[in-house]
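Undergrad: Per my numbering, residue 3 is the first one in the sequence shown, and the count goes up by one each step. A virtual CB, placed ideally from N, CA and C, is assigned to each residue, including glycine. Before I ask anything, let me first share the structure, which is written out below as structure tokens.
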Amino acid sequence: QVQLVESGGGLVQAGGSLRLSCATSGIIFRLHDMGWYRQAPGKQRELVATIYSGGTTNYVDSVKGRFTISRDNAKNTVYLQMNSLKSEDTAVYYCNAYRSNMNYWGQGTQVTVSS
3 QVQLVESGGG
13 LVQAGGSLRL
23 SCATSGIIFR
33 LHDMGWYRQA
43 PGKQRELVAT
53 IYSGGTTNYV
63 DSVKGRFTIS
73 RDNAKNTVYL
83 QMNSLKSEDT
93 AVYYCNAYRS
103 NMNYWGQGTQ
113 VTVSS
């Protein structure tokens, strides 16, 4: 079955860095568009970054210049490098795989940024 397993979350001080990983199985990873979403308490889930199967990336304005999404098709893994973290980045971060109207989600990893 399809599995997306996030890791790398934790508690970090403002200005610090974290690297999230999402290891996948059960999908043809190289054909899927991959995304990182986040959901803060009391807020809707928002798309943070996308990397398409061809390698093009997109970011929400609030993380541009601070976050970098990347993928390793040999390892079936997508990453989110998060630098210069701010308290408003605190959220549960979810990995998403999309292809042909099929969406798959991970269980989420908590990122907490202390000010």
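Exposed or buried, which one is threonine 92 when buried takes at least 16 other CB atoms within 10 Å?
TA: Here residue 92 corresponds to residue number 90 of the sequence shown, with the count starting at 1. Buried: at least 16 other Cβ atoms inside 10 Å.
Undergrad: Does DSSP classify serine 23 as helix, strand or coil?
TA: Within the sequence shown, residue 23 is the residue found at index 21, counting from 1. Strand.
Undergrad: Take arginine 21 and list the residues in its own chain whose beta-carbon comes closer than 8 Å to its own, dropping the five residues that flank it on each side.
TA: Counting from one through the sequence shown, the residue named residue 21 turns up at place 19. The answer, listed in chain order, is Gly10, Tyr81, Leu82, Gln83 and Met84.
Undergrad: Can you list, in chain order, the residues of its chain whose CB lies under 6 Å from that of alanine 25, leaving out five sequence neighbours each side?
TA: Within the sequence shown, residue 25 is the residue found at index 23, counting from 1. Same-chain partners within the cutoff: Val7 and Thr79.
Undergrad: Quick one: residues in its chain with C-beta nearer than 7 Å to the C-beta of serine 55, no 5 flanking neighbours on either side, listed in chain order?
TA: In the sequence shown, counting from the first residue as 1, residue 55 sits at position 53. Within the same chain, Cβ atoms closer than 7 Å to the Cβ of serine 55 are found at Arg32, Leu33, His34 and Asp35, the five residues on either side in sequence being excluded.
Undergrad: Per DSSP, what are the beta-bridge partners of tyrosine 39 in this structure?
TA: The residue labelled residue 39 in the question sits at position 37 within the sequence shown. The partner list for tyrosine 39 (beta bridge, DSSP) reads Leu49 and Tyr96.
Undergrad: For glycine 67, I'd like the list of residues in its chain whose CB is within less than 6 Å of its CB, leaving aside the five on either flank, ordered along the chain.
TA: Locating residue 67 in the sequence shown gives position 65, counting from the first residue. Closer than 6 Å at Cβ, skipping near neighbours: no residue.
Undergrad: Anyone know if the C-beta pair for tryptophan 107 and isoleucine 71 falls short of 8 Å?
TA: Indexing the sequence shown from 1 puts residue 107 at position 105. Indexing the sequence shown from 1 puts residue 71 at position 69. Cβ atoms of tryptophan 107 and isoleucine 71: not closer than 8 Å.
Undergrad: Find the nearest neighbour of arginine 101 within the set Ser89, Ala42 and Ile29, judged by alpha-carbon distance.
TA: As a position in the sequence shown, residue 101 is number 99, starting the count at 1. The shortest C-alpha separation from arginine 101 is found at Ile29.
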